[in-house]
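Undergrad: First the structure, then my questions, so here it is.
There are 2 protein chains.
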Amino acid sequence: MFLRIDHVGIACHNLEEKIGFYESTFGLVVVSREVNEAQGVREAMLHVADGEGGTSYVQLLEPLSPETAVGKFLAKRGEGVHHIGYGVEDVSKAMAEIAAKGVRLIDERPRHGSMGASIAFLHPKDVGGVLTELVEAPRQ
Amino acid sequence: MFLRIDHVGIACHNLEEKIGFYESTFGLVVVSREVNEAQGVREAMLHVADGEGGTSYVQLLEPLSPETAVGKFLAKRGEGVHHIGYGVEDVSKAMAEIAAKGVRLIDERPRHGSMGASIAFLHPKDVGGVLTELVEAPRQ
Numbered sequence: 001m002f003l004r005i006d007h008v009g010i011a012c013h014n015l016e017e018k019i020g021f022y023e024s025t026f027g028l029v030v031v032s033r034e035v036n037e038a039q040g041v042r043e044a045m046l047h048v049a050d051g052e053g054g055t056s057y058v059q060l061l062e063p064l065s066p067e068t069a070v071g072k073f074l075a076k077r078g079e080g081v082h083h084i085g086y087g088v089e090d091v092s093k094a095m096a097e098i099a100a101k102g103v104r105l106i107d108e109r110p111r112h113g114s115m116g117a118s119i120a121f122l123h124p125k126d127v128g129g130v131l132t133e134l135v136e137a138p139r140q
Numbered sequence: 001m002f003l004r005i006d007h008v009g010i011a012c013h014n015l016e017e018k019i020g021f022y023e024s025t026f027g028l029v030v031v032s033r034e035v036n037e038a039q040g041v042r043e044a045m046l047h048v049a050d051g052e053g054g055t056s057y058v059q060l061l062e063p064l065s066p067e068t069a070v071g072k073f074l075a076k077r078g079e080g081v082h083h084i085g086y087g088v089e090d091v092s093k094a095m096a097e098i099a100a101k102g103v104r105l106i107d108e109r110p111r112h113g114s115m116g117a118s119i120a121f122l123h124p125k126d127v128g129g130v131l132t133e134l135v136e137a138p139r140q
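Here is the structure:
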């Protein structure tokens, strides 16, 4: 079902500062910056690698306010890994298959993710404490 | 510097149970099981994807005892993402380049990781709260 590790989603207090760190320390390159009001984040995607199953990124996330999900995460746990995104061929099909296994979906239907992707989150309590995202990349 | 997201390291209480979950829910396949006494873990690597820069895995980690690093992590934070491993060409060279940027290394020299890899951990306080591992895969 999983085609790739699409991205590691990392919560931070200061997006520009963290982009600078990942660029200068690890040589990653920003390929997209977006504000996602629905998710309450300002974010950047940094390219890591290409593969048969698509591209892998580091996603840096800064909350738009303390009341957002990422804002609350930062207040409770501090900076760090917020979620893991896996690439899938068809997000709706994957959601149905996973729900049939008894895993609760946070999203009832796919929503808009980074760089035009269709995404859905799974409930971390049903995935061993890992907030898990399904990512269907846009058709080329 | 980074060739791939080598793996997402996930801490869990019961390795066999979690392997079963990742296999049955997401269709991942275990390609290696090891006990790493030095790191105090029983672990499994599950294949996700192959790419130009190498292979990406989910790594499931069960502590050998509560006194290990992963045991303490579980007691403090519960199950979830423990670290992120990135593939590099030459772990010693990457360690030197990263240390030169002011990031503290947990390991002074490379040590043995999963599946014959040479690895080193970077201090999470210097990487925005993310315990970050460098992974040099063994020569084929």
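Chains A and B, in that order, are what the protein sequence lines are. Mapping the first sequence onto the working numbering, position 138 (from 1) lands on 138, and the numbers just tick up by one. Mapping the second sequence onto the working numbering, position 81 (from 1) lands on 81, and the numbers just tick up by one. Virtual Cβ for every residue (Gly too), placed ideally from N, Cα, C.
(1) Let me know if A:His112 comes out buried or exposed under the rule of 16 or more other beta-carbons within 10 Å of its beta-carbon.
(2) Buried or exposed: B:His7, going by 16 or more other Cβ atoms within 10 Å of its Cβ?
(3) Could you round the C-beta distance between B:Val35 and B:His47 to whole angstroms and report it? I think they count as a contact, below 8 Å.
(4) Nearest by alpha-carbon distance to A:Gly142: which of B:Val127, B:Phe121, B:Glu43, B:Ala137 is it?
(5) Here's the rule I'm using: 16 or more other beta-carbon atoms within 10 Å means buried, otherwise exposed. How should A:Glu43 be labelled?
(6) Check whether chain B comes within 8 Å of A:Glu67, counting only Cβ atoms and requiring the distance to be less than that.
(7) Report yes or no: is there a C-beta of chain A within less than 8 Å of the C-beta of B:Gly20?
(8) So A:Leu105 packs on A:Leu122, CB below 8 Å; how close in whole Å?
(9) Pick out whichever of A:Ser56, A:Gly9, A:Gly116, A:Gly78 has its Cα sitting closest to the Cα of A:Gly87.
(10) Judging by CA-CA distance, which residue of B:Leu134, B:Asn14, B:Glu79 is the nearest neighbour of B:Lys93?
(11) By the 9 Å beta-carbon criterion, what residues does the segment 38-49 of chain A contribute toward chain B?
(12) Quickly, what does DSSP pair B:Ile224 with across the bridge? List them, please.
(13) Helix or strand or just coil, what does DSSP make of A:Ala99?
(14) Going along the chain, which residues of its own chain have a beta-carbon closer than 8 Å to the beta-carbon of A:Ser65, five neighbours each way excluded?
(15) Compare the C-beta of A:Glu62 against all C-beta atoms of chain B and say whether one is closer than 8 Å.
(16) Among the candidates B:Ile98, B:Phe26, B:Met1, whose CA atom is the shortest distance from the CA of B:Glu108?
(17) Does B:Ala49 come out as helix, strand or coil in the three-state DSSP assignment?
(18) Flag this pair as yes or no: are the beta carbons of B:Ala49 and A:Gly51 separated by less than 8 Å?
(19) What does A:Gly149 touch in chain B if you count any residue whose Cβ is under 9 Å from its own?
(20) Taking the alpha-carbon of B:Phe26 as reference, which of B:Lys18, B:Arg33, B:Ser32 has the nearest alpha-carbon?
(21) Rounded to the nearest angstrom, what separates A:Gly80 and B:Ala11 at their Cα positions?
(22) In terms of alpha-carbon separation, which member of A:Ala38, A:Gly53, A:Pro110, A:Arg139 lies closest to A:Arg142?
TA: Taking the structure as given:
(1) By the 10 Å Cβ count, A:His112 comes out exposed.
(2) Counting C-beta atoms within 10 angstroms of its own C-beta, B:His7 has 16 or more neighbours from the protein chains shown and is therefore classed as buried.
(3) At roughly 20 Å, the Cβ-Cβ gap does not stay under 8 Å, so B:Val35 and B:His47 are not in contact.
(4) As displayed, chain A neither begins before 1 nor continues past 140, which places residue 142 of chain A out of reach and without an answer.
(5) Counting C-beta atoms within 10 angstroms of its own C-beta, A:Glu43 has 16 or more neighbours from the protein chains shown and is therefore classed as buried.
(6) So, not an interface residue.
(7) Taking Cβ atoms only, chain A never reaches closer than 8 Å to B:Gly20, which makes this a no.
(8) So it is a contact: roughly 6 Å between Cβ atoms.
(9) Considering only alpha carbons, the answer is A:Ser56.
(10) In terms of Cα proximity to B:Lys93, the closest of B:Leu134, B:Asn14, B:Glu79 is B:Leu134.
(11) Only Val48, Ala49 from the segment 38-49 of chain A bring a Cβ to less than 9 Å from some Cβ of chain B.
(12) Summary: the structure shown does not reach residue 224 of chain B, with chain B confined to residues 1 through 140, and so no result is reported for it.
(13) Three-state result, A:Ala99: helix.
(14) Closer than 8 Å at the Cβ level, and outside the excluded window around A:Ser65, lie Gly40, Gly71.
(15) By this cut-off, A:Glu62 is not an interface position.
(16) Closest option to B:Glu108, judged by alpha-carbon separation, among B:Ile98, B:Phe26, B:Met1: B:Ile98.
(17) When secondary structure is reduced to three states using DSSP, B:Ala49 falls in the strand class.
(18) For B:Ala49 and A:Gly51, yes; Cβs fall inside 8 Å.
(19) Residue 149 of chain A is absent from the model: chain A starts at 1 and stops at 140.
(20) Residue B:Lys18 is the option with its Cα nearest to B:Phe26.
(21) Approximately 15 Å, taken between the alpha carbons.
(22) Past the boundaries of the shown model lies residue 142 of chain A; chain A is included only from 1 to 140, so the question cannot be answered.
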